[in-house]
Amino acid sequence: AQSVTQLDSHVSVSEGTPVLLRCNYSSSYSPSLFWYVQHPNKGLQLLLKYTSAATLVKGINGFEAEFKKSETSFHLTKPSAHMSDAAEYFCVVGPMWGSARQLTFGSGTQLTVLP
Amino acid sequence: EAGVTQFPSHSVIEKGQTVTLRCDPISGHDNLYWYRRVMGKEIKFLLHFVKESKQDESGMPNNRFLAERTGGTYSTLKVQPAELEDSGVYFCASSHGEPPGLAGRDTQYFGPGTRLTVL
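Quick note, the sequences are listed as chains A and B, same order. Numbering-wise (the numbering used here), the first sequence opens with residue 1 and increments by one. Numbering-wise (the numbering used here), the second sequence opens with residue 1001 and increments by one.
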């Protein structure tokens, strides 16, 4: 069984300041982990993914996330927020092995970027 | 390369009616998935096709939902009869398909979703 907890439903930051979106996961086996983003009226876009290579994963648009097994965390960060980063972000856990491919989503974090 | 497309983008129907949602995966992707997000809830898995076969339908809520993927290309999801609690956004995703030992590399690419409103 696997689950994901996004610790903040809403995060507000000022443009140019750092972004931190928190995610904790639970899995009975080594997971694959993803962050997806959904901009208004758009589909879900993959930001980055962890699949057991480097624990620090770099994604698109300057985002990165660090897999910390001891803390069961996969927090998403960005050094400097842009207005275009305003969106809803989903932390997602999936299988690392096997035929099952269902993804388990967190409840989402709405990021607001203030001018 | 075209992404995953879904039709319609919005659908408003009355309780008891039938609605059919369509998904066209990325060309060459054998794996196709349906997910949905009902109001205020997480995005939940519904089912997974490998080509035309249902690999996993553990997330289908009840027998009012019927998914098909004839010929292993596009897929349809029919809701009959629709109930109020079926309102939400239905997402389709596709992936190339990796062997079981490399499941973690099998990235799912999502479409824009169909927003279904049942009145």
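All residues carry an ideal CB built from backbone N, CA and C; glycine is no exception. Since we're looking at a predicted model, the values are computed, not measured.
Since residue i and residue j are thought to touch, with beta carbons under 8 Å apart, how far apart are those beta carbons, to the nearest angstrom?
i: Ser1125/B; j: Ile1043/B; result: The question about residue 1125/B has no answer, for chain B in this structure spans 1001 to 1119.
i: Leu1116/B; j: Tyr1074/B; result: 18 Å between Cβ atoms; not a contact.
i: Thr112/A; j: His10/A; result: 7 Å
i: Leu44/A; j: Phe1110/B; result: 4 Å
Which residues in the same chain have their Cβ closer than 6 Å to the Cβ of residue i, if we skip the five residues on either side of it in sequence?
i: Thr124/A; result: Outside the modelled stretch of chain A, which goes from 1 to 115, sits residue 124/A, for which no answer is possible.
i: Lys1051/B; result: Asp1030 and Gly1072
i: His1048/B; result: Tyr1033, Gln1055 and Asp1056
Would you tell me roughly how many angstroms separate the C-alpha atoms of residue i and residue j, rounded to the nearest one?
i: Ala1082/B; j: Ser1011/B; result: 12 Å
i: Glu15/A; j: Asn61/A; result: 14 Å
i: Gly1078/B; j: Ser1009/B; result: The amino acid occupying residue 1078/B in the given sequence is Lys; Gly does not appear at that position. Lys1078/B and Ser1009/B: Cα-Cα distance of roughly 15 Å.
i: Ala1067/B; j: Tyr36/A; result: 25 Å
i: Thr19/A; j: Gln110/A; result: Reading the sequence as shown, one finds Val at residue 19/A and not Thr. Those two C-alpha atoms are separated by around 12 Å.
i: Pro115/A; j: Met83/A; result: 7 Å
i: Ser32/A; j: Phe74/A; result: 11 Å
i: Val1004/B; j: Ile1013/B; result: 24 Å
i: Lys69/A; j: Lys1015/B; result: 46 Å
i: Val1019/B; j: Leu1084/B; result: 13 Å
Leaving out five residues before and five after residue i in sequence, what residues of the same chain have Cβ atoms less than 8 Å from its Cβ?
i: Val57/A; result: Leu48, Lys49, Tyr50, Glu64, Ala65, Glu66 and Phe67
i: Ser1087/B; result: Val1038, Met1039, Leu1116, Thr1117 and Val1118
i: Lys78/A; result: Pro18, Val19, Asn61, Gly62, Phe63, Glu64 and Asp85
If you drop the 5 nearest sequence neighbours on each side, which residues of the same chain put their C-beta closer than 7 Å to that of residue i?
i: Ala1/A; result: Ser28
Task: Inter-stretch contact at 8 Å, needing at least 3 Cβ pairs: the region 7-25 of chain A / the region 38-45 of chain A - done: Between the region 7-25 of chain A and the region 38-45 of chain A, the count of Cβ pairs shorter than 8 Å is below three; the stretches do not touch.
- [ ] Using a Cβ-Cβ cut-off of less than 7 Å, give me the residues of the region 45-56 of chain A that come near chain B, in sequence order.
- [x] Cβ contacts with chain B: Leu46, Lys49, Thr51 and Ser52.
TODO: Output, in sequence order along the chain, the residues in the region 52-83 of chain A whose CB is closer than 8 Å to any CB in chain B.
DONE: Legend: CB atoms of the region 52-83 of chain A lying less than 8 Å from CB atoms of chain B belong to residues Ser52.
- [ ] Report the residues of the region 1046-1057 of chain B with a CB closer than 8 Å to any CB of chain A, ordered along the chain.
- [x] Along the region 1046-1057 of chain B, the positions whose C-beta sits under 8 Å from a C-beta of chain A are His1048, Gln1055 and Asp1056, read in chain order.
TODO: With 8 Å as the limit, tell me which residues of the region 84-108 of chain A have their beta carbon closer than that to any beta carbon of chain B; keep them in chain order.
DONE: Listed in sequence order: Phe90, Gly94, Pro95, Met96, Trp97, Gly98, Ser99, Ala100, Arg101, Gln102, Leu103, Thr104, Phe105, Gly106, Ser107 and Gly108.
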